[in-house]
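Structure record follows, encoded as structure tokens.
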Amino acid sequence: ADELVEKHTPHLFTLAHNDRSFPTAVQALCLLYQLLSSHQASSDRFYRALYTALLHPALPTSTKASMLLALVFKAVRDDTSDKRAAAFVKRLLQVAAHAPSGFSCGALLLISELLKVRSPLWTAILQAEAHDDDDEVFVDQPDEDGEPQQARGGKVEEEPEGPGASKPKEDSSDDE
């Protein structure tokens with residue numbers, strides 16, 4: 001049986017990446033999950049295919065959407081990588097933000113159940129956000145003192161006033 005699984009697994013991955021038939025891709029992913037979980041094997045290739053399937057344009061309106069969400073729940077629940085699980089939660093939130101309300105509710109319910117089962121997942125999600133404060137930092141050319149001017153959040157800090165401070169040139173067309 002193991003030889004048969006090893007022989008046909010590449011074909012199942014080919015079907016899982018099938019862009020033309022989303023229901024076929026979902027069925028292939030479900031079969032791959034069953035095969036991998038029965039052999040106590042975890043495959044990065046499987047998780048990559050599942051992660052990619054979440055961006056398929058047919059997902060939110062497909063009849064197989066609930067099947068894929070159930071598969072995502074089982075796969076993420078059983079996954080040992082908190083980073084990968086956090087990435088799946090974020091991808092689900094991205095998709096849910098642009099999907100019809102029925103799919104969005106299902107995705108949010110799935111995320112809620114995942115967070116109940118895997119409470120450390122909250123930490124993984126929040127830690128990733130702690131390093132990414134949405135403020136952009138801009139550094140201008142050094143001023144006359146040789147120190148760079150820095151602005152946060154797109155707002156330019158006031159330049160020092162006084163002798164020698166450079167001021168922007170005013171438009172001379174307003175003086176008429």
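Position one of the sequence shown corresponds to residue 1 (the UniProt record's numbering), numbered consecutively onward.
A virtual CB, placed ideally from N, CA and C, is assigned to each residue, including glycine.
In terms of alpha-carbon separation, which member of the options lies closest to residue i?
{"i": "residue 15", "options": "127, 32, 124 and 101", "result": "32"}
{"i": "residue 122", "options": "83, 109, 102 and 50", "result": "83"}
{"i": "residue 99", "options": "58, 9, 25 and 17", "result": "58"}
{"i": "residue 28", "options": "8, 42 and 41", "result": "8"}
{"i": "residue 11", "options": "40, 42, 37 and 46", "result": "46"}
{"i": "residue 64", "options": "112, 26, 73 and 124", "result": "26"}
{"i": "residue 6", "options": "127, 101 and 39", "result": "39"}
{"i": "residue 61", "options": "125, 124, 104 and 72", "result": "104"}
{"i": "residue 55", "options": "18, 13, 127 and 91", "result": "91"}
State the DSSP-derived secondary structure class of residue i, mapped to helix, strand or coil.
{"i": "residue 8", "result": "helix"}
{"i": "residue 71", "result": "helix"}
{"i": "residue 57", "result": "coil"}
{"i": "residue 100", "result": "coil"}
{"i": "residue 90", "result": "helix"}
{"i": "residue 40", "result": "coil"}
{"i": "residue 64", "result": "coil"}
{"i": "residue 78", "result": "helix"}
{"i": "residue 3", "result": "helix"}
{"i": "residue 48", "result": "helix"}
{"i": "residue 112", "result": "helix"}
Please classify residue i: is it buried, with 16 or more other beta-carbons within 10 angstroms of its beta-carbon, or exposed?
{"i": "residue 4", "result": "exposed"}
{"i": "residue 117", "result": "exposed"}
{"i": "residue 106", "result": "buried"}
{"i": "residue 70", "result": "exposed"}
{"i": "residue 2", "result": "exposed"}
{"i": "residue 97", "result": "exposed"}
Give me the Cβ distance between residue i and residue j, rounded to the nearest whole Å; I'm assuming they're in contact under 8 Å.
{"i": "residue 89", "j": "residue 114", "result": "7 Å"}
{"i": "residue 50", "j": "residue 75", "result": "6 Å"}
{"i": "residue 42", "j": "residue 80", "result": "7 Å"}
{"i": "residue 78", "j": "residue 119", "result": "Not a contact, Cβ separation roughly 16 Å."}
{"i": "residue 110", "j": "residue 73", "result": "5 Å"}
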